[in-house]
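For reference, the structure discussed in these notes is given below.
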Amino acid sequence: MSRRNDVTALDIDQRMLRVVHVTTGKMPGSTRIKRIEVVPVPAEGFDLENPKEVGEWIGKQLKALRLVPGTVVMAARRGEAVLKELLLPPLKDAGEMASMVNMRAVRELPFPETDAVIDFTVTKVPTKKDLQTARKENSQSGSTTDIKAHIVVAAVRRETVNRYLTITESAGLTLTGLGLRPLASFRALKACVPEINSNAVALISVRRHEVDVDILIDGRLVFSRELSVNLENPEDMAEAAGHGCIKNAAKEIIRCLHSYEGSEVFKPMEHLFVAGGTGLEDNLRDIIQDQTGIDCKRMPPPSGIRLPKGRKTDATRALTALGLALSFVDERGLAVNFLAPKRPELRRNRGRTMWLLSIVMLQALVFFLFGARSKLAEKYEGELSGAGGLIPTYSTLAKQEKDIGRWTRKSADTIKSWHGANRHWLEHVAFLSSVIPQCDQIYLLKINMRSANTGVISFQVQVRDSNVLHSFEKKLRNLGYIVKPVSFTPANDKYGYKFRATFDLTLPDRFPLDLLRHLDTNTPPKRLPDDVHADGLSCIPRQKGTRSV
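Counting along the sequence shown from 1, when you hit position 116 you're at 729 in the numbering used here, and nothing is skipped either side.
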């Protein structure tokens, strides 16, 4: 990435907004820090998880500081990223290296590849001397030992990148680079203590609510963890409670260091630096040094870089933002930039392109021929299937014959099944008509006979009273019908009948009554007084001009 004249690094957490404004000169390495600002984050009424609200607040603070941002860069937290060191064959082609890294990294991602943004940096490349030594050892021992390149791969979710873009957009800024905090802290370590980059060094970056533990070996990041802590302001809490918080934080840091000792890349640490501006760094340093025996020191201010007057304390509190800005203005730019990740290069093969083009042209010709054939077929089909054509005429006749045959077969099957079952359906209907109560208590709505094999008669009635319904059900059971539990619902009609019920009667294999003999002896019910067939119908006076038929 090309160098920028003015770079503004923003770093925000739960307690502080850290702003570092860096200016570069015409000569490489001529860097001057113009502004270092530390702004407290509101304790109440501020939602840090809302990127739009955070961005608007940052924009207001920059206007209040009268700071005109340059190229804006930010860094993702360690907890938002997945870090992994890979050992791969050294390749000079960056595109091939990116292809190899993506292929390996996708296997170990805890989230889908489509949601990931992957970038990497090569931390160690074998020299010619290392390669010659390895070849010499292989020839002497007869074994094959490959010299690998050390690569640190970082991946974040795409929604994390979108969150930082939303923050800067809401602040009225344009985000140019999105790095990673551990690598920014490493760059700050190089600026503060440049003489120990070839040793095993641990860097503890302390904040009020989180602590980053980064371990470097020979200038490459081999171990990085983010710890969640709660280091409250010493003025706001009792001395004993504050000491307990410090001890708990130190215990988590020491546990993290022990975890590093069990890793494959373990190398005894020679130095441990504690950085931060919480005011508790000295206490943490003393506890860690007493329990581990490692030489622990406070991170000194940057050397070789001009700091603004009276801003040395703020510089120690904004080392991550300082390292981020310095990384961006370096000649190689950000080691990891999630806004411009290294991607595999697409190599074009002209021979393959021409071969594919010829296949496409051949397919187009085949499609054209088939299209012309289909057009001619549609033309002849239209002549045959048009109005008055042979196809509609014969199709209509065939359909009519098919429908008649289907109806005939269906009717024959129905008659055969009903006749073969020998259920005496009409006799049962007549029998039920004789046993049903009077129409002033109950009347029939519909009746249906189905399932010739099992013999089921289903009918629906409207009942005036529930007692009539229950007595009718009991009567049917006594007569020998198998009655399914009756379902009835309140349903008033205009005649005053209050219930509607459905009866499902199953005919037994041997009905206890002789239906034919019973019908001969059963007397019809008495006529109602208002029946139209009652006596007196013939007494209606005949009008003039009418004739009897």
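Just so it is clear, CB atoms sit at the ideal spot from N, CA and C, and this is done for glycine as well.
query	result
Examine the Cβ distances between the stretch 794-806 and the stretch 932-947 and report whether three or more of them are shorter than 8 Å.	yes
Identify whether F1044 lies in helix, strand or coil by the three-state DSSP scheme.	helix
Quick one, which of R1113, Q627, G638 and A747 has its alpha-carbon nearest S658's?	According to the sequence provided, residue 658 is Gly. The question's Ser does not apply to it. When each option's Cα is compared against that of G658, the closest is Q627.
Would you check if the distance between the CB atom of L816 and the CB atom of A888 is smaller than 8 Å?	yes
Determine contact between the stretch 767-776 and the stretch 704-717, defined as no fewer than three beta-carbon pairs at a distance below 8 Å.	no
What do you reckon, are the CB atoms on S582 and L696 nearer than 8 Å?	As displayed, the chain neither begins before 614 nor continues past 1162, which places residue 582 out of reach and without an answer.
With contact counted as at least three CB pairs below 8 Å, one residue from each stretch, are the stretch 1068-1082 and the stretch 1110-1130 in contact?	yes
If you follow the beta strand (DSSP E) that I764 is in, where does it begin and where does it stop?	A762 to R770
Considering just the uninterrupted stretch of the beta strand (DSSP E) at N1061, what are its terminal residues?	I1055 to R1063
In chain order, which alpha helix (DSSP H) runs of at least 4 residues are fully inside the stretch 650-722?	664-677 and 707-720
For L661, does the count of other Cβ atoms within 10 angstroms reach 16, so buried, or fall short, so exposed?	exposed
For the alpha helix (DSSP H) that E994 lies in, which residues bound it at each end?	R963 to S998
Roughly how many angstroms separate the alpha carbons of A931 and P739, rounded to a whole number?	35 Å
Evaluate contact between the stretch 945-963 and the stretch 661-678, counting only Cβ atoms and requiring at least three cross-stretch pairs below 8 Å.	no
Going by the DSSP bridge assignment, what does F836 pair with across the sheet?	I828
Helix, strand or coil: how does DSSP classify Y777 here?	helix
For the 8 Å Cβ check, are there 3 or more pairs between the stretch 668-684 and the stretch 632-639?	yes
Hey, quick one: how far does the alpha helix (DSSP H) through F941 stretch, first residue to last?	L932 to V942
Classify R868 as helix, strand or coil using the three-state DSSP reduction.	helix
Using 8 Å as the threshold, is the stretch 782-801 in touch with the stretch 826-843, meaning 3 or more CB pairs across them?	yes
So, under 8 Å CB-CB, T781 and T684 are touching, yes? Tell me the CB distance rounded to an integer number of Å.	Contact flag wrong, Cβ pair sits at about 11 Å.
Are the CB atoms of D732 and F951 nearer to each other than 8 Å?	yes
In or out: E958 buried (at least 16 other Cβ within 10 Å) or exposed?	exposed
How long is the line joining the alpha carbons of N618 and G875, rounded to whole angstroms?	44 Å
Which residue comes first and which comes last in the alpha helix (DSSP H) that contains L631?	First, the residue type needs correcting, since residue 631 is Arg and not Leu in the sequence shown. Where R631 is concerned, there is no enclosing alpha helix (DSSP H), although the beta strand (DSSP E) it sits in stretches over M629 to T637.
Select from L997, R963 and I918 the residue whose C-alpha is nearest the C-alpha of R645.	I918
How many Å lie between A688 and V973 at the Cα?	47 Å
Pull up the distance between the alpha-carbon of F724 and that of L786, whole angstroms please.	30 Å
Residues in the same chain with beta-carbon distance under 6 Å from R776, minus the five sequence neighbours each way, listed in chain order, please.	P664
Rounded to the nearest angstrom, what separates E1086 and Y1007 at their Cα positions?	57 Å
With a Cβ-Cβ cutoff of 8 Å, do I859 and I901 count as a contact?	no
Determine the contact status of V835 and E721, defining contact as a CB-CB distance below 8 Å.	no
Shortest alpha-carbon distance to E693 belongs to which of E823, A928 and K1088?	E823
Below 8 Å between beta carbons: does that hold for L1089 and F1101?	no
Who does I817 pair with in a DSSP beta bridge?	V826 and V887
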